[in-house]
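Counting in the numbering used here, the sequence shown runs from 154 upward without gaps. Glycine included, every Cβ here is placed at the ideal spot set by N, Cα and C. Here's the structure we're looking at; comments come further down.
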Amino acid sequence: MPRPMMARPADAGRGALLRRLLPWCLPALVLLFWGLICASGRVPPWLLPSPTDVLRTMSGYLGLSGGDSWCGQFWPDAAASLIRVGCGYGLAVATALPLGLLAGRSARVASLLSVSVNGIKAVPGISWLPLAILWLGIGFVTTMALIALAAFFPIYFSSMSGAASVPPALVASGRMLGLSRAAIFRRIVLPWAMPQITAGLRVALGFAFAYLVLGELTGVSRGVGACIMDARMNGQVDLLICGIVLIACLGAACDRLLLGLVRFLPGQVR
154 MPRPMMARPA DAGRGALLRR LLPWCLPALV LLFWGLICAS GRVPPWLLPS
204 PTDVLRTMSG YLGLSGGDSW CGQFWPDAAA SLIRVGCGYG LAVATALPLG
254 LLAGRSARVA SLLSVSVNGI KAVPGISWLP LAILWLGIGF VTTMALIALA
304 AFFPIYFSSM SGAASVPPAL VASGRMLGLS RAAIFRRIVL PWAMPQITAG
354 LRVALGFAFA YLVLGELTGV SRGVGACIMD ARMNGQVDLL ICGIVLIACL
404 GAACDRLLLG LVRFLPGQVR
């Protein structure tokens, strides 16, 4: 019988290198295309600064080099933005996750919440902004409320769908083994639903950062979104693009942190 082919170390190393480089291919192409457009002179610099100009501005905003009044302001702005995201996102998780799991396991709870949840979901998030400003004012609470509202629905529907998809045979097996309702939920329902819950948590985190910028554009004094608003008002397109890129980096870092945290929850591969 022929011996099975084993992957050579060189092949394995090339595969690992390819997996590391592949996610950066599309950003590299975008950066190359951006640089070529700027170098062609077809777009004026005040409308689309070159990658070099944006990188120079980013260096100043991060405090790595000198700059204008916004030099080194990224860190307090990022701290303010992350606190708003953390509070709003945490509020959404604390309410949407248990409600979604209950709705997925109880037809009565699902029926009770269906009209209200689906009705509010149909309203565009930006429609709540004037009312939130009127009731809550401009600042932390308004932004947190917008983030919580935006993040609520992906978590609710993903957890409800995951809990509802548990095969009845598994639940019946748990009952035959003498498991209590709490044990069935903890050892069967939650692990089965975790992949869908994780997907909903990630989508909700993206919505949280989108509505963070919306809330900070209302005139708060600190935050990366506030920096973007100030850059727009002052015509600093390089700083505006810098803020967008850094918001994307913060969102990506938080997504990786979220994935690291859910690995310790039931049903996840460790």
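In the structure shown, the three-state DSSP call for Gln389 is coil. For secondary structure counted as the alpha helix (DSSP H) over 4 or more consecutive residues, the region 224–295 holds these complete runs in sequence order: 227–258, 260–274 and 281–289.
The C-alpha of Ile394 is placed about 15 Å away from the C-alpha of Cys224.
Put simply, of Asp408, Cys380 and Asn387 the residue whose alpha carbon is nearest the alpha carbon of Ile397 is Cys380. The DSSP-derived three-state label of Arg334 is helix.
Straight across, the Cα-Cα distance linking Ala304 with Met382 is about 23 Å. Excluding five sequence positions before and after Asp408, the CB atoms of its chain that fall closer than 7 Å to its own CB belong to Arg355 and Leu358, given in chain order. Going by DSSP, Leu343 is part of the alpha helix (DSSP H) stretching over Leu343 to Glu369.
Excluding five sequence positions before and after Gly376, the CB atoms of its chain that fall closer than 6 Å to its own CB belong to Asp230, Ala233, Ser234 and Glu369, given in chain order. Ranked by how close their Cα comes to the Cα of Val319, the residues Ile300, Ala298, Phe293 and Gln349 have Gln349 in first place. Contact check for Pro202 against Trp187 fails: the beta carbons are separated by 7 Å or more. With a contact defined as Cβ atoms closer than 8 Å, Leu365 and Leu282 miss out at about 13 Å.
Within the region 172–219, the complete alpha helix (DSSP H) runs of at least 4 residues fall at 178–193 and 204–214. By alpha-carbon distance to Cys240, the top candidate from Ala301, Asp391, Ala352 and Gly278 is Ala301. Cβ-Cβ distances below 6 Å link Leu392 to Thr210 and Ala384 in the same chain, with the five nearest sequence neighbours on each side left out; the list follows chain order. Take Ser314, set aside five residues on each side of it, and the residues of its chain with a beta-carbon closer than 6 Å to its own are Gln349, in chain order. The alpha-carbon separation between Leu171 and Leu182 amounts to approximately 16 Å. For Pro321, the enclosing alpha helix (DSSP H) covers residues Pro321 to Met329. With contacts defined as CB atoms closer than 7 Å, Ser326 and Gly353 fail to qualify as a contacting pair.
Rounded to whole angstroms, the gap between the alpha carbons of Leu189 and Val390 is 18 Å. Between Thr371 and Ile236, the alpha-carbon positions lie close to 17 Å from each other. Looking from the CA of Val373, the closest CA among Ile286, Leu252, Ser259 and Tyr214 belongs to Ile286. At the C-beta level, Thr351 and Val294 stay beyond 7 Å of one another. Between the alpha carbons of Ser333 and Val268 lies a gap of roughly 32 Å. Taking Tyr309 as the centre and dropping the five residues before and after it, the same chain places the C-beta of Ala249, Leu252, Gly253 and Val270 closer than 7 Å to its C-beta, in chain order.
In the three-state DSSP reduction, Phe417 falls in the coil class, being neither helix nor strand.
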